[in-house]
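Read through the structure below, which is laid out as structure tokens, and then see the notes.
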Amino acid sequence: MDAIDDLSDAITVTRNFLTPIRVGMWVKLAIIVFFVSSLGFNGAAPGGDFGSFAGDPAFENGQTDQVEGDVPTDELVLGLVIIGAIALVLWLGYSLIAGVMEFVFLESLRTGEVHVRRYFSANLGNGIRLFAFRVGVTLGIGLLAGAPVAIVWLQGTLSDVSAALIGLYALYAFGLFLVYALVDRFTSEFVAAIMLLEDRGVLSAWSRFWGTFRANWTEYVVYLVLVWILSLAITIAAGFVMVLGILVLAIPFGIVIFLLSLLGDVGIVLALLVVLVAFAVVLLFVALVWTPITTYFRYYALLVLGDTNAELDLIPDQRAAARFDGGEPTGRDDHWNDGRGDERDRSDRGDGWSTDDGDAWDNDSSAWDDPNDAADPDSDDRDSDDDRGW
Numbered sequence: 205m206d207a208i209d210d211l212s213d214a215i216t217v218t219r220n221f222l223t224p225i226r227v228g229m230w231v232k233l234a235i236i237v238f239f240v241s242s243l244g245f246n247g248a249a250p251g252g253d254f255g256s257f258a259g260d261p262a263f264e265n266g267q268t269d270q271v272e273g274d275v276p277t278d279e280l281v282l283g284l285v286i287i288g289a290i291a292l293v294l295w296l297g298y299s300l301i302a303g304v305m306e307f308v309f310l311e312s313l314r315t316g317e318v319h320v321r322r323y324f325s326a327n328l329g330n331g332i333r334l335f336a337f338r339v340g341v342t343l344g345i346g347l348l349a350g351a352p353v354a355i356v357w358l359q360g361t362l363s364d365v366s367a368a369l370i371g372l373y374a375l376y377a378f379g380l381f382l383v384y385a386l387v388d389r390f391t392s393e394f395v396a397a398i399m400l401l402e403d404r405g406v407l408s409a410w411s412r413f414w415g416t417f418r419a420n421w422t423e424y425v426v427y428l429v430l431v432w433i434l435s436l437a438i439t440i441a442a443g444f445v446m447v448l449g450i451l452v453l454a455i456p457f458g459i460v461i462f463l464l465s466l467l468g469d470v471g472i473v474l475a476l477l478v479v480l481v482a483f484a485v486v487l488l489f490v491a492l493v494w495t496p497i498t499t500y501f502r503y504y505a506l507l508v509l510g511d512t513n514a515e516l517d518l519i520p521d522q523r524a525a526a527r528f529d530g531g532e533p534t535g536r537d538d539h540w541n542d543g544r545g546d547e548r549d550r551s552d553r554g555d556g557w558s559t560d561d562g563d564a565w566d567n568d569s570s571a572w573d574d575p576n577d578a579a580d581p582d583s584d585d586r587d588s589d590d591d592r593g594w
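Encoded structure:
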């Protein structure tokens, strides 16, 4: 099964891409991965906390507790609105850049070269379309998740919600989360590649992918299961590495910040600047840790896509190199297949490099067996009218 075989091929392709280690390339990739992977936090489900009202004291016993003290309600609401607006703007900006960076990442994986500005400007349109699609999906899932809560709230029966109804809503919300996760993963890892390869819009690329998915749905189910299992294991391992690395980085920065804070107001300002630098360094370190992980999983997805539909192969050269790595076949039956239906098995091509009977290199019939035969211009083995490709 391709989804299983491609696990090892993805390791080879990732190794070939990331080695030899070049600091500049890794740093640029880390910046791309920061937007593409969200550093492992891109799987959050849209919508609010569906269980938050269950244990809220404000709704226990069917009555609302009186808040002690005077609370400046107008100022509080205004502050929350401002914070929410700033967060929304930052999220939209980040998501827009992330949409373009998806194609920057794909271009880098396809070409083996990382050019952030060049690929960014060339794929701005694709990124905007992907961004709009993601926003639409998020809003749609959010509306579906919030609709039941809104209906109950408008009826004024929040205090009467039973545990069974909360459990039912939890199942409903989990189902929405799965739909969102599947759509988001397939869009990022398969549909975006089709958009780039065939210059399509998001919906057109989804239509193109859907036929491949239906014809090979077992491959993609296995792919999802393997990805989720590997993601869990790798995330745990990467978490230990990141925690240890952050602690090592925090020690020198902490000492500098402490010493600067002893210098008075100027020292405090300088300490705040050091905090910002430390935060940026930590983000870069985390992104560097995620770079090979994200690269591996994206190559794995591209290999599965190309194996299930040769016309959608974005990385034929990398696939061929992985399946004949170091001059030795990797054991795959299709290790000479470049992903576009071009069987490169030399035993089947019938050309001058074939090892079949009648080949110039065959030990049983080769003109090289006898130097006199090889020198004979009338030798059948050197006949210019043969069909061996010479």
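This note's numbering applies: residue 205 is where the sequence shown begins, and numbers increase by one. Even glycine gets a Cβ: it sits at the ideal position worked out from N, Cα and C. All of these numbers come straight from a predicted model, not from anything done at the bench.
When C-alpha distances from Glu515 are compared across Ala336, Phe337, Val227 and Gly415, the shortest belongs to Gly415.
Between Phe309 and Arg502, the beta carbon gap of about 7 angstroms places them in contact (Cβ cut-off 8 angstroms). A straight line joining the alpha-carbon of Phe337 with that of Gly468 spans about 50 angstroms. If the five residues before and after Ala409 are omitted, its C-beta is found closer than 8 angstroms to the C-beta atoms of Val395, Ala396, Ile398, Met399 and Glu402, all from its own chain and listed in chain order. The continuous alpha helix (DSSP H) containing Phe501 extends over residues Asp469 to Thr512. For the pair Gly297 and Asn330, the CB atoms are not nearer than the 9 angstroms cut-off. DSSP places Ile519 in the coil class of the three-state scheme, outside both helix and strand. Taking C-beta atoms as the reference points, Ala234 and Trp494 count as a pair closer than 9 angstroms. Per DSSP, Asp403 lies in no alpha helix (DSSP H) and is assigned neither H nor E. For Pro224, no alpha helix (DSSP H) segment is defined, and its DSSP state is neither H nor E. In the pairwise beta carbon analysis, the region 453-463 is classified as not touching the region 434-441: fewer than three pairs are separated by under 8 angstroms. Out of Arg389, Leu348, Glu306 and Leu477, the CA that lies nearest to the CA of Tyr376 is found in Leu348.
About 28 angstroms separates the beta carbon of Thr342 from that of Glu423, a gap too long to meet the 8 angstroms contact definition.
Phe335 is classed as buried because its beta carbon has at least 16 other beta carbons within 10 Å across all chains shown. With 16 or more other CB atoms across the displayed protein chains lying within 10 angstroms of its CB, Val240 is buried. A contact is defined here as three or more CB-CB pairs under 8 angstroms, and the region 277-287 fails this definition with respect to the region 371-389.
Within the same chain, Cβ atoms closer than 6 angstroms to the Cβ of Phe238 are found at Ala491, the five residues on either side in sequence being excluded.
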